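Everything below concerns the one structure shown next.
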Amino acid sequence: MNRELIEKLKTLKDVKVVAVSKTRTKEQIDEVASMGLCVFGENRVQEFLEKYDPKYTWHIIGHLQTNKVKYIIGKVDMIQSLDSIKLAKEIEKYAKKENLIQKVLVEIKISDDELKTGLPYEQAMDFLKEMQNYPHILVKGFMCVATLTQDRDFNCKEFDQMKILFDQAKQQYPDIDTLSMGMSQDYEEAIAHGSNMVRIGRSLFE
343 MNRELIEKLK TLKDVKVVAV SKTRTKEQID EVASMGLCVF GENRVQEFLE KYDPKYTWHI
403 IGHLQTNKVK YIIGKVDMIQ SLDSIKLAKE IEKYAKKENL IQKVLVEIKI SDDELKTGLP
463 YEQAMDFLKE MQNYPHILVK GFMCVATLTQ DRDFNCKEFD QMKILFDQAK QQYPDIDTLS
523 MGMSQDYEEA IAHGSNMVRI GRSLFE
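Residue numbers (this note's numbering): 343 to 548.
Listed below in structure tokens is the structure:
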């Protein structure tokens, strides 16, 4: 466990830290929580359900299949990977059934990497408009995964693009307040370019 990094992350001002706990044991999660980080992000629904503990706050940060939505509504505080109307319809259906409003982030595909998921950047504002028709979904902002590269300048340009989109959306939709970008390898650059939520796993648990 990287205690030094955990203490550093706890000092970040106006930045929420999501500890990415995929592949980690419940004991490791408890240890990180005991040090003061209590928001955890999981990629896979099955793995999340095996570790779920209601005393912690949970986010789904990986690609979410529509047939898995019913298992997580009421358990996760936020779904960070909304990327289609099809998925929105399923979230709306089960959130309505549970009589709750599900917080989400719209995942934007900022990278050209074909393996990355997310809504195309240029469709974001139209998508937000459409989301106003889903009363049990509350869009809080955007999430992105930057290109995996050693070129930090390239990543910073991607983060700047996201910040422009975030600021534009905030002007129209007052509930939008979260820009989730930055992971172990690039979170400092992401924060410098406007991120107020980072998702850190590997370097946290090493």
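We treat Cβ as the ideally placed atom computed from N, Cα and C, and that holds for glycine. This one's a predicted model, so the numbers in the text were calculated from it and none came from an experiment.
Whole-Å CB distance - residue i paired with residue j, under 8 Å assumed
{"i": "residue 457", "j": "residue 484", "result": "That pair is no contact at about 20 Å."}
{"i": "residue 381", "j": "residue 360", "result": "5 Å"}
{"i": "residue 350", "j": "residue 378", "result": "Contact doesn't hold; Cβ gap of about 12 Å is too wide."}
{"i": "residue 518", "j": "residue 486", "result": "The Cβ separation is near 14 Å, so there is no contact."}
{"i": "residue 504", "j": "residue 521", "result": "6 Å"}
{"i": "residue 527", "j": "residue 467", "result": "Not really, about 29 Å apart at Cβ, beyond 8 Å."}
{"i": "residue 429", "j": "residue 459", "result": "Not confirmed; about 11 Å, so no contact."}
Sheet register partners of residue i (DSSP bridge)
{"i": "residue 484", "result": "448 and 521"}
{"i": "residue 479", "result": "444"}
{"i": "residue 384", "result": "402"}
{"i": "residue 462", "result": "451"}
{"i": "residue 361", "result": "382 and 542"}
Whether residue i touches residue j by CB criterion (9 Å)
{"i": "residue 425", "j": "residue 461", "result": "yes"}
{"i": "residue 422", "j": "residue 403", "result": "yes"}
{"i": "residue 364", "j": "residue 344", "result": "no"}
{"i": "residue 539", "j": "residue 488", "result": "no"}
{"i": "residue 371", "j": "residue 398", "result": "yes"}
{"i": "residue 478", "j": "residue 443", "result": "yes"}
{"i": "residue 400", "j": "residue 411", "result": "no"}
{"i": "residue 512", "j": "residue 476", "result": "no"}
{"i": "residue 342", "j": "residue 383", "result": "In this structure the chain extends from 343 to 548, so residue 342 is not present and cannot be described."}
{"i": "residue 447", "j": "residue 420", "result": "yes"}
Limits of the alpha helix (DSSP H) - the one that residue i falls within
{"i": "residue 530", "result": "529 to 534"}
{"i": "residue 346", "result": "345 to 352"}
{"i": "residue 376", "result": "368 to 376"}
{"i": "residue 546", "result": "544 to 547"}
{"i": "residue 472", "result": "466 to 473"}
{"i": "residue 424", "result": "Looking at the DSSP string, residue 424 is not in any alpha helix (DSSP H); the run it does join, the beta strand (DSSP E), is 420 to 424."}
{"i": "residue 357", "result": "Residue 357 -> no alpha helix (DSSP H), and no H or E assigned at all."}
{"i": "residue 412", "result": "411 to 414"}
Start and end residues, beta strand (DSSP E) containing residue i
{"i": "residue 443", "result": "Here residue 443 belongs to no beta strand (DSSP E), and DSSP marks it neither H nor E."}
{"i": "residue 505", "result": "Looking at the DSSP string, residue 505 is not in any beta strand (DSSP E); the run it does join, the alpha helix (DSSP H), is 494 to 514."}
{"i": "residue 402", "result": "399 to 402"}
{"i": "residue 393", "result": "It is not in any beta strand (DSSP E) - residue 393 instead sits in the alpha helix (DSSP H) that spans 387 to 393."}
Residue i: CB within 8 Å of a non-hydrogen atom of the ligand HEM
{"i": "residue 406", "result": "The model on display carries no ligand, and the ligand HEM is accordingly not part of it."}
Would the region 486 to 504 count as touching the region 429 to 446 if we require 3 or more Cβ pairs under 8 Å? no
Quick check: the region 529 to 538 against the region 496 to 505, are at least 3 beta-carbon pairs closer than 8 Å? yes
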